[in-house]
Each structure stands twice: as structure tokens, then as C-alpha cells.
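Read the structure below first, then the notes.
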Amino acid sequence: MIGNDIIDLSLAKTQSNWQRRGFLEKQFSVNEQQLILRSTNSFILVWRFWSMKEAAYKVFTQQNEMRFFAPKNFDCLLISEKKGMVFYKDRIFYTSSIVTQNYIFTLASYEKLTKAYSKFVMPKFINIMIKIKLEDVTKFSAKEIEQKKSKNGAPFYYYKDKVLTRSCSISHHGNYGVFSLLYA
Amino acid sequence: MTRKELITSLKKIIKPYSQNQEAFKNLSEGTDFINDLKINSANLVDIILDVEDEFGIEIDNESMEKMLSVKSAINIIETKLAES
């Protein structure tokens, strides 16, 4: 299982005000709040933590048919500039983040080393680009590959009755789009 | 406050975060914040903070978990108002 998240940082700046009263307290643990406030770049750390939480949530809800909003319960641990871990109840998620001046991308997985394929694409082309990628890998025609969604919205790709993705995660925000795939 | 008045206040809060104006126009108790209104999940917390300010209530973590639709938001606000 994999889950991803992308944040367009210029949009995040205008869409949310992380310094708003209560904003940090509602979503971040005391430890995360301290790290954010002590950081030389608090804004980036807010959104890196957020993307780790969101990506981990997407892994969890793919496996468990439920939806909820509990970012504070997803505890983040930073290992390196890229690597991190998220803890939720008895689950551990391993995360890998790319932080640039323009965006933050995080991929989360139950596995330490995931073989997921991720690709950045323009948001409006995500679905078609996934089908083209699956055509390359499976040799089924992209035109005959269909997206179906699970009850809580996780996408799966099918050729007729055959499922082609073991896990698929899609994220878009502002100018950025990305998909991550584990082949069936 | 009647349920109708409550929905009107809630609508005012939700409007700036709603990304799907068509769904917003047709807002009902069955409307889902993320699936229907396409609200960015990072903005859900803004809605929760706005609701707290507007109604003078505190939404604890347990209630916050369920704040994904108009219906659940209304139920939570009504419960909290009754408690206070």
C-alpha cells in the first residue's frame, strides 16, 4: 500500500495561514509544534509534516474502508532531509519527501523500501497519464483501461475485470499533480 | 437557533473554502466537504476554527474526526451548543 500527497507551496501560502490561532494546536502534536516553532523555516516544516500525515492517512484508508479527519493522531518523526516515519495507532508508515522551493511531495508506505513508481504531471492529465503508463507496463490498450474507485474514493485501474494496480495514489494541488503506482 | 439558521451560518463559513461552486449552490445536509465541495483537506481545520469562533464552542479531537460533511458538522454544533 502506498499513499502520496503534493503541496503547491505558493498556493498553500494564500490558502492557509499556519500562524492563525489554533491552527497548529488542532493538527500537530506538542512535539511537532515545538519543532515547527523552533525551525528556521517554520512554513516549510508545517507543510512537510502535513504532507506526511496526509500521505500516511491515504495508505491507512486504502486498507480500511473509513474516512476521518484526525491529523493530530498521525505522529511524525523526521529521520533525514528526505526520510521520515509516521505513527498512527499500532501502524508505522515510512515516508520519503521531496522538498523544493515550489512544492513538497511525500510518498508513504507500510514498507521501508517501496518499489512504487511516481510521476509528476499536470493535474488535468493525471488520469490519462496513468493509463498510458499502465499500457506501457501491461500492454493492454490505454483506451480499454478504466478507473474505478473504492467506497472511500481510492482509485484502482482495471482492464476488463483484471485489476492492474495493487495500490494507486493521486494527488493534486494548484499547479502540481502526481500519481504513484504499485503494479498488481 | 433553528437547524435552518444553523445551516445558513455554516454556509457562510464554508463558502470561501469551497472549490466547487455548483455543489455549494446545491448544498444540503448530505453534502460532503471533500468529495462534493472539493475543499482542500488542509482547509478543514480552518472551517473547524471558524465554527468554534462563530458559535463559541470548542470542537474536541473526537468530534473533529467526524467533521467531513454538512450533516456531521451540524450534529456536532448542536451537541456542543446543548452542552454549553
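Protein chains in written order, with the numbering used here: chain A, 1203 to 1386; chain B, 3 to 86.
Just so you know, even glycine gets a beta-carbon here, dropped at the ideal spot from N, CA and C.
This one's a predicted model, so the numbers in the text were calculated from it and none came from an experiment.
Beta carbon of residue i nearer than 8 Å to that of residue j
| i | j | result |
| --- | --- | --- |
| I125(B) | R5(B) | Summary: the structure shown does not reach residue 125(B), with chain B confined to residues 3 through 86, and so no result is reported for it. |
| G1205(A) | N37(B) | no |
| M1287(A) | T1302(A) | no |
| M1203(A) | S1311(A) | yes |
| K1351(A) | P1357(A) | yes |
| L1195(A) | T1340(A) | Nothing in the structure corresponds to residue 1195(A), since chain A is present only between 1203 and 1386. |
| Q1264(A) | S1343(A) | no |
| I61(B) | V72(B) | no |
| F1251(A) | W1220(A) | no |
| A1272(A) | E67(B) | yes |
| K82(B) | I50(B) | no |
Neighbour-count burial assignment, residue i, 16 or more Cβ in a 10 Å radius
| i | result |
| --- | --- |
| P18(B) | exposed |
| T10(B) | exposed |
| N1243(A) | exposed |
| F1327(A) | exposed |
| Y1319(A) | exposed |
| T33(B) | buried |
| M1268(A) | exposed |
| N63(B) | exposed |
| E1234(A) | buried |
| S86(B) | exposed |
| N45(B) | buried |
| A1214(A) | buried |
| L39(B) | buried |
Contact belief for residue i with residue j at Cβ below 8 Å, rounded distance in angstroms
| i | j | result |
| --- | --- | --- |
| L1309(A) | S1382(A) | 6 Å |
| D1207(A) | E1256(A) | 4 Å |
Residues near residue i in its chain [Cβ-Cβ closer than 6 Å; skip 5 each side]
| i | result |
| --- | --- |
| I1347(A) | K1333, L1336, Y1359, Y1361 |
| F1322(A) | V1380 |
| F57(B) | I79 |
| S1241(A) | L1247 |
| M1254(A) | C1278, G1286, V1288, T1297, T1308 |
| P1325(A) | H1374, G1379 |
| A84(B) | none |
Among the options, nearest to residue i - alpha-carbon criterion
| i | options | result |
| --- | --- | --- |
| A1386(A) | K1291(A), K1317(A), K1326(A), R1250(A) | K1317(A) |
| Q21(B) | L8(B), S43(B), E7(B) | S43(B) |
| W1249(A) | Q1229(A), N1329(A), D1292(A) | Q1229(A) |
| S1299(A) | Y1290(A), K1285(A), S1371(A), N1329(A) | K1285(A) |
| E1313(A) | V1261(A), F1245(A), P1325(A) | V1261(A) |
| V47(B) | K1353(A), M1254(A), S1253(A), L1226(A) | L1226(A) |
| I1281(A) | K1345(A), F1295(A), K1291(A), L1213(A) | F1295(A) |
| Q23(B) | E31(B), I41(B), L8(B) | I41(B) |
7 Å CB neighbourhood of residue i in its chain, flanking five on each side removed
| i | result |
| --- | --- |
| S65(B) | I78 |
| S1231(A) | K1274, D1277 |
| L1237(A) | L1247 |
| Y1305(A) | I1208, I1209, D1210, L1211, Y1378 |
| K13(B) | L29 |
| R1293(A) | F1262 |
| L70(B) | D34, F35, I36 |
| N1329(A) | Q1349 |
| K1353(A) | E1267 |
Distance cut-off 7 Å: residue i Cβ against heavy atoms of the ligand SAH
| i | result |
| --- | --- |
| G1376(A) | As for the ligand SAH, it is missing from this structure, which has no ligand bound. |
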